[in-house]
Amino acid sequence: MIVALDVAPSRPLGRGDLSLALAGAEAYDLLRTGTLRLRGDRLAPLPGPGPDRLAPLTHPDLEDGLLAEAAAALVREEPYEPLPDWLWRRGRGLSSAYLAALEAEGQVTWERSRWLPFRGGRTVLSDTEARRRAAYRWAADEPVLLALAAAVGIREELTPADPAVTDDTALTVLAAVHDAVMELEAVRQRRALEAAAFANVWRGA
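Positions 91 to 295 (my numbering) are the ones given, in order, by the sequence shown.
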């Protein structure tokens, strides 16, 4: 989330896209911490204390908050939940939840316009250790982080020169995020066409 706020995107960044990517990052974090495993394309929770202290992709300081909430939200009855369904369910409003958590921690503030003080503003990241860690990981070209960023437009599409993701679990999560983002974009385009057709009908009436 900090990377999304700190890096100029390569294209307009939709909250829905970012929410899907955050849900994917949570799933990957929970998989690599041993909180769950993939059974086919389904997320099968494992017994244990929950997320450990591996540096999560979502936010280094929120593993006891939103990441724990994600673990608690897992479907624990067989046949378990398909990964794509998890992305849509968990991702609903997730970017706003992360932004609110960062704001509550003092990680971000709102900068209001002096000319339009009652029309919101823009988020400004505070100079914190979490921000510096996120910047370091971004500069280090972590493969999964780069792939998630490319999927939602924070950066350009990956090239052969970029570090490759070789872990099968990560590849499964990334493919699911990519498909979900493409599905969301198709929905946007369909709604735009329907709105344009409706407007044309009214203009022709």
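Each residue gets a CB set at the ideal place from its N, CA and C atoms; glycine is no exception.
Just so you know, these numbers come straight off a predicted model, no measurement behind them.
{"Query": "Identify the continuous alpha helix (DSSP H) that holds Pro233 and give its terminal residues.", "Result": "233-242"}
{"Query": "Alpha helix (DSSP H) containing Leu85: first to last residue?", "Result": "Coverage of the chain is limited to positions 91 through 295, which leaves residue 85 absent and any answer about it impossible."}
{"Query": "Alpha carbons only, please: which of Ala270, Thr259, Glu273, Tyr226 is nearest the one belonging to Thr123?", "Result": "Thr259"}
{"Query": "Among the residues of its own chain, which have a CB less than 6 Å from the CB of Trp228, if the five just before and after it don't count?", "Result": "Val93"}
{"Query": "Which of the three DSSP states is assigned to Val198 in this structure?", "Result": "strand"}
{"Query": "Which residues in the same chain as Leu192 place their Cβ atom closer than 6 Å to its Cβ, once the five residues preceding and following it in sequence are excluded?", "Result": "Val198"}
{"Query": "Suppose you measure from the CA of Arg105 to the CA of Ala163; what does that come to, to the nearest Å?", "Result": "21 Å"}
{"Query": "Residues in the same chain with beta-carbon distance under 7 Å from Pro233, minus the five sequence neighbours each way, listed in chain order, please.", "Result": "Pro253, Ala254, Val255"}
{"Query": "Would you call the segment 171-185 and the segment 111-120 touching, i.e. three or more CB-CB distances under 8 Å?", "Result": "yes"}
{"Query": "Can you give me the start and stop residues for the beta strand (DSSP E) that Arg132 sits inside?", "Result": "132-135"}
{"Query": "Our contact map puts Arg132 next to Pro172 with C-beta atoms below 8 Å; I'd like the distance itself, whole angstroms only.", "Result": "5 Å"}
{"Query": "Let me know the alpha helix (DSSP H) ranges lying completely inside the segment 236-288, each 4 residues or longer, listed in chain order.", "Result": "none"}
{"Query": "Determine whether the beta carbon atoms of Leu261 and Leu147 lie at a separation below 8 Å.", "Result": "no"}
{"Query": "Secondary structure at Pro172, three-state DSSP: helix, strand or coil?", "Result": "strand"}
{"Query": "Leaving out the 5 sequence neighbours to the left and right, which residues in its chain are closer than 8 Å to His155 when beta-carbon positions are compared?", "Result": "At residue 155 the sequence reads Gly, which differs from the His that was named. Ala191, listed in sequence order."}
{"Query": "If contacts are defined as beta-carbon pairs under 8 Å, then Leu128 and Leu121 qualify, I think. What distance do you get, rounded to the angstrom?", "Result": "7 Å"}
{"Query": "Apply the 10 Å Cβ neighbour rule to Asp107 and answer buried if 16 or more other Cβ atoms are within range, or exposed otherwise.", "Result": "buried"}
{"Query": "Would you mind reading off the limits of the alpha helix (DSSP H) that contains Asp119?", "Result": "105-122"}
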